[in-house]
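2 protein chains.
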Amino acid sequence: MGKRIYNFNAGPAALPLPVLEEIQSELLDYKGSGISILEVSHRSKWFDDVINEAVERTKRLLGLGDDFHVLFIQGGASLQFCMIPMNLGLKGRPVDYINTGTWSTKAIKEAEIQGKDVRVIASSEDKGFSYIPDGFTVDKDASYLHFTSNNTIKGTQWARFPEAEGVPLVCDMSSDIMSRPFDAAPFGLIYAGAQKNIGPSGSALVIIRGDMLERTPHNLPTMLKYATFADKNSMFNTPACVVIYTINLVLKWLEETIGGLEKMDEINQKKGSIIYDFIDQSGFYQGTAARESRSLMNVTFRLPSEDLEKKFVREALKEGLGGLKGHRSVGGCRASIYNASGVEAVKALVEFMKEFERKEG
Amino acid sequence: MGKRIYNFNAGPAALPLPVLEEIQSELLDYKGSGISILEVSHRSKWFDDVINEAVERTKRLLGLGDDFHVLFIQGGASLQFCMIPMNLGLKGRPVDYINTGTWSTKAIKEAEIQGKDVRVIASSEDKGFSYIPDGFTVDKDASYLHFTSNNTIKGTQWARFPEAEGVPLVCDMSSDIMSRPFDAAPFGLIYAGAQKNIGPSGSALVIIRGDMLERTPHNLPTMLKYATFADKNSMFNTPACVVIYTINLVLKWLEETIGGLEKMDEINQKKGSIIYDFIDQSGFYQGTAARESRSLMNVTFRLPSEDLEKKFVREALKEGLGGLKGHRSVGGCRASIYNASGVEAVKALVEFMKEFERKEG
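In the order they appear, the protein sequences are chains A and B.
With the working numbering applied, the first sequence corresponds to residues 170 to 530, in that order.
With the working numbering applied, the second sequence corresponds to residues 170 to 530, in that order.
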């Protein structure tokens, strides 16, 4: 086996090494079944235990009440963009969105395709999505209020969630789910593609409050109704078994090795301090997000020139630091430091940044 | 590690052991990338190679012309049940179906939910779906003609596909894709959940002819349009990377170890002969499908009593033969012998059946 690198990709992203080692060790024989987890029937006791554990761990980690259902739905966050207005839009009532970047924009577009009365009640487009909007008013007439909790491309994150005023919040938490504790009570629906903070690609985690299930129109296709998944514990049809299995191992690592979301948040705060404090004192690296809106998950920054940025990414990879190129739509550099990137990874990155600045600055 | 068993589950099902061993060996470091295939970015060169290889292997194995697109779409065959009428139903033209069991029935239901003019032009429901219909007339007015090539629950399979008369055939090949060669020219669309013959659960393989892409109405949600996947090589959003990676390894095994679909068909014919010849001469085991409609993938049979069936399944598992219980909707016994179940697995099963008959018959 070769050397493992520090992986700063934005998603699919780094997974905890003990999780990968456990998968590897039981890949040919899952818990004495004599078959691989890649072969195990979703109707077996083995897989029932896996999915039930993943659901229970999600509820415990997020402190969810009994009124929430935890679902696993294929198709990523992108399929959720269309399922949400389809299922949760109320007749004659608008659907409200806050636009903080590419992913919010895509979610808005899918509601518009369906002919919904879409209102964008706040946006940070005026400054290139470099900040999180504030001071907007929530309209109680809305079916729901949708926002994106963390924006991977521009590196911004909601430090505090919007006040809901009784309107169900709907949130795309793909890139910061399980990175910190929060109060789920105001949320009608939370969704997250697994491939950033909780697993490999191939499943979205969807958390839906029971009353939201009653909104679904009867004539929707079976696979596009949340109730189909809620009624059958996400097994109306065959789910992505190996993906859910891996998610469960990541959640186990969060509970048993890290010690829960308060602890995870402390570690993420520490990682953020290490890299942002360094950037702030440097004249060489420039952060691109407004300071009070900066993301603890995706650290976006520029170097003095595009040539230096290319060299930075190239040289970093040689030193075992991968995935530091910014999103192709904005350029620059980006270090994604999700849960599975530990303090040591961030320290190694800052050391490299210092050395690169010394040589090139 | 414990002992591997012979896995006769209907899906998720057995995978070739060399495929599992390759996955295991490179799980922590994919081809010198320093990261796992579970962590690799779908925008990387590594994953580009994986998906391009999987597409090319599919085209070679099935002898597909350049007018076909090979797509990977999450949500299984069940999501295809709704995407097909949505995308391929022509305005003012009916959508035609042949009903050969549970899965056809579900496909029909999803077209009906959408208010399509659904015609069931043939059915084997009169005899409990125990045979494949014959002697029906295809109507050239149809948008398409949908059928299910192999029926896992009742153990029936189309020996020869229906004559299309120019109407695009649409086929659910979830349970016998890549088990034998066939002429793809009359097909507008072929789809298959991966978890039976070509991989783990978590992706459908969809093969669509170019002219079908033009049928899609403009106002469909982005993730429900086939063109979204065809235009972006199945990477409009993050695909199920580890599932596609495993599919590619299974296709590689089919090409390089088995030697292609003619060879695979020979092996499957041989496996079928071994078990059906044994059942036919036995007075103890009774096949449930009409002889000329029997499936080479799912062998369904009964024993003299339900108690004996339970005992059979239980004792078989003790001997390392798993997954022999019939589908919960019909009872009895079922041995699913997809591509990855070799001749030696079928021989071991028949030996056990003989011994069980000797003791209990």
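Backbone N, C-alpha and C define an ideal beta-carbon position, used for all residues, glycine too.
Contacts around A:Val-412, its chain only, beta-carbon distance under 7 Å, and the 5 residues preceding and following it disregarded: Residue numbering aside, residue 412 of chain A sits at position 243 when the first sequence is read from its first letter. So the qualifying residues of the chain are Ala-363, Gly-368, Pro-369, Gly-371 and Ser-372.
Where A:Val-209 falls: helix, strand or coil (DSSP): For the purposes of this step, residue 209 of chain A is taken as residue 40 along the first sequence, with counting starting at 1. Residue state, collapsed to three classes: coil.
Pairwise C-alpha distance: B:Met-342 and B:Gly-244: If you number the second sequence from 1, residue 244 of chain B lands on position 75. If you number the second sequence from 1, residue 342 of chain B lands on position 173. Near 15 Å, if we compare the C-alpha coordinates of B:Met-342 and B:Gly-244.
Contact between the segment 301-313 of chain B and the segment 250-263 of chain B (3+ Cβ pairs under 8 Å): Yes: at least three Cβ pairs fall under 8 Å.
Opposing strand residues paired with B:Thr-469 [DSSP bridges]: What you label residue 469 of chain B is simply residue 300 of the second sequence in a count that begins at 1. In DSSP, B:Thr-469 forms a bridge with B:Arg-503.
Residue(s) in a DSSP beta bridge with B:Tyr-395: By 1-based counting over the second sequence, the position of residue 395 of chain B is 226. B:Tyr-395 pairs with nothing; no bridge assigned.
DSSP bridge partner residues for A:Leu-196 (one or two, in chain order): As a position in the first sequence, residue 196 of chain A is number 27, starting the count at 1. As computed with DSSP, A:Leu-196 is found in no beta bridge at all.
Cβ shell of B:Met-170 (< 6 Å), same chain only, five flanking positions each side left out: Your numbering for residue 170 of chain B matches position 1 in the second sequence. With a pLDDT of only 45 at B:Met-170, under the threshold of 50, the placement of this residue in the model should not be trusted, and no figure is reported.
Candidates A:Met-433, A:Pro-390, A:Lys-432 and A:Gly-335, of which the one nearest B:Cys-251 by Cα: Taking the first residue of the second sequence as position 1, residue 251 of chain B is located at position 82. It is A:Pro-390.
Enclosing alpha helix (DSSP H) for B:Ala-485 [first to last residue]: Residue numbering aside, residue 485 of chain B sits at position 316 when the second sequence is read from its first letter. Where B:Ala-485 is concerned, the enclosing alpha helix (DSSP H) stretches over 475-487.
Same chain, Cβ closer than 7 Å to B:Ala-223, five either side skipped, listed in chain order: Translated into the one-based positions of the second sequence, residue 223 of chain B becomes position 54. Closer than 7 Å at the Cβ level, and outside the excluded window around B:Ala-223, lie Ile-413, Ile-416, Asn-417 and Leu-420.
Any C-beta of chain B under 9 Å from that of A:Ile-192: On the first sequence, position 23 is the one that residue 192 of chain A refers to. Yes, A:Ile-192 lies at the interface with chain B (some Cβ there is under 9 Å from its Cβ).
C-alpha distance - A:Pro-254 paired with A:Ser-318, whole-angstrom precision: Here residue 254 of chain A refers to the residue found at position 85 of the first sequence. Here residue 318 of chain A refers to the residue found at position 149 of the first sequence. For A:Pro-254 and A:Ser-318, the distance between alpha carbons rounds to 18 Å.
Coil, strand or helix - B:Gly-180 by DSSP: Counting from one through the second sequence, the residue named residue 180 of chain B turns up at place 11. Coil.
Limits of the unbroken beta strand (DSSP E) element including A:Arg-378: Translated into the one-based positions of the first sequence, residue 378 of chain A becomes position 209. Per DSSP, A:Arg-378 belongs to the beta strand (DSSP E) from 373-378.
For A:Thr-317: DSSP bridge partner residues: Counting from 1 along the first sequence, the entry for residue 317 of chain A is found at position 148. Residue pairing of A:Thr-317 in beta bridges, as defined by DSSP: A:Asp-341.
Contacts that A:Pro-408 makes with chain D (C-beta to C-beta distance below 7 Å): Structure shown: chain D not included; protein chains present are A and B.
Chain-ordered neighbours of B:Asp-218 on chain A, where CB pairs are closer than 9 Å: Here residue 218 of chain B is taken as the residue at index 49 of the second sequence, counted from 1. Chain A residues near B:Asp-218: none, gap ~15 Å exceeds 9 Å.
Partner residues on chain A for B:Ile-174, Cβ-Cβ distance less than 7 Å: Sequence index remark: in the second sequence, residue 174 of chain B carries index 5 (1-based). Against chain A, a Cβ distance below 7 Å from B:Ile-174 picks out Gly-203 and Ile-204.
Own chain, CB closer than 8 Å to A:Glu-334, minus 5 neighbours either side, in chain order: Residue 334 of chain A sits at position 165 when you count from the first residue of the first sequence. Annotation for A:Glu-334: Val-307 and Lys-309 place their beta carbon closer than 8 Å to its own, counting only its chain and skipping 5 residues before and after.
Beta-carbon proximity check, B:Arg-329 vs B:Asp-434, cutoff 9 Å: By 1-based counting over the second sequence, the position of residue 329 of chain B is 160. By 1-based counting over the second sequence, the position of residue 434 of chain B is 265. Cβ atoms of B:Arg-329 and B:Asp-434: not closer than 9 Å.
C-beta neighbour in chain A for B:Met-170, strict 9 Å: Counting from 1 along the second sequence, the entry for residue 170 of chain B is found at position 1. Note that B:Met-170 scores 45 on pLDDT, short of 50, meaning its location in the model is unreliable and no value can be drawn from it.
Cβ of B:Asn-402 within 9 Å of any chain A Cβ: The count along the second sequence starts at 1 and reaches residue 402 of chain B at position 233. Under the Cβ criterion of 9 Å, B:Asn-402 is not counted among the residues facing chain A.
Distance CB(A:Asn-508)-CB(A:Leu-423) smaller than 9 Å: For the purposes of this step, residue 508 of chain A is identified with residue 339 of the first sequence, where counting begins at 1. For the purposes of this step, residue 423 of chain A is identified with residue 254 of the first sequence, where counting begins at 1. Closer than 9 Å, so yes.
For A:His-238: DSSP bridge partner residues: Here residue 238 of chain A refers to the residue found at position 69 of the first sequence. Bridge partners of A:His-238: A:Ile-377.
N-terminal and C-terminal residue of the beta strand (DSSP E) that A:Ile-359 is part of: Residue 359 of chain A sits at position 190 when you count from the first residue of the first sequence. In the DSSP annotation of this structure, the continuous segment of the beta strand (DSSP E) that includes A:Ile-359 starts and ends at 356-362.
Contact set between the segment 382-395 of chain A and chain B, restricted to residues whose Cβ is under 8 Å from the partner: Taken in chain order, the members of the segment 382-395 of chain A whose beta-carbon sits within less than 8 Å of a beta-carbon on chain B are Asn-388, Leu-389, Pro-390, Thr-391, Met-392 and Leu-393.
Every unbroken alpha helix (DSSP H) within the segment 405-458 of chain B, with a cutoff of 4 residues, ordered by chain: For the segment 405-458 of chain B, the continuous alpha helix (DSSP H) assignments of 4+ residues that do not extend past its boundaries occur at 410-421 and 430-450, in sequence order.
Cβ shell of A:Glu-191 (< 7 Å), same chain only, five flanking positions each side left out: In the first sequence, the residue the question calls residue 191 of chain A occupies position 22. Here A:Glu-191 has Leu-418 as same chain residues with Cβ atoms under 7 Å from its own Cβ, once five neighbours each way along the sequence are excluded.
Boundaries of the beta strand (DSSP E) in which B:Arg-288 is found, first to last residue: For the purposes of this step, residue 288 of chain B is taken as residue 119 along the second sequence, with counting starting at 1. That run of the beta strand (DSSP E) goes 287-292.
Cβ neighbours of B:Val-519 in the same chain (closer than 8 Å, five flanking residues each side left out): Position 350 of the second sequence, counting from 1, holds the residue named residue 519 of chain B. So the list reads Ile-443, Ile-444 and Phe-447, once near-sequence residues are dropped.
C-beta neighbour in chain B for A:Lys-278, strict 9 Å: Within the first sequence, numbered from 1, the residue matching residue 278 of chain A stands at position 109. Yes, because at least one Cβ of chain B sits closer than 9 Å to the Cβ of A:Lys-278.
Segment contact flag, the segment 224-233 of chain A with the segment 193-210 of chain B, C-beta cutoff 8 Å, min 3 pairs: With contact defined as three or more Cβ pairs closer than 8 Å, the segment 224-233 of chain A and the segment 193-210 of chain B are not in contact.
Three or more C-beta pairs below 8 Å linking the segment 352-362 of chain B and the segment 463-481 of chain B: Contact fails: fewer than three Cβ-Cβ distances are below 8 Å.
Min CB distance B:Ala-182 to chain A below 9 Å: On the second sequence, position 13 is the one that residue 182 of chain B refers to. So, interface residue.
Near-chain B residues of the segment 408-428 of chain A - C-beta to any C-beta below 7 Å: Considering only beta carbons, the part of the segment 408-428 of chain A lying closer than 7 Å to chain B consists of Pro-408, Ala-409, Cys-410, Val-411, Val-412 and Thr-415, in chain order.
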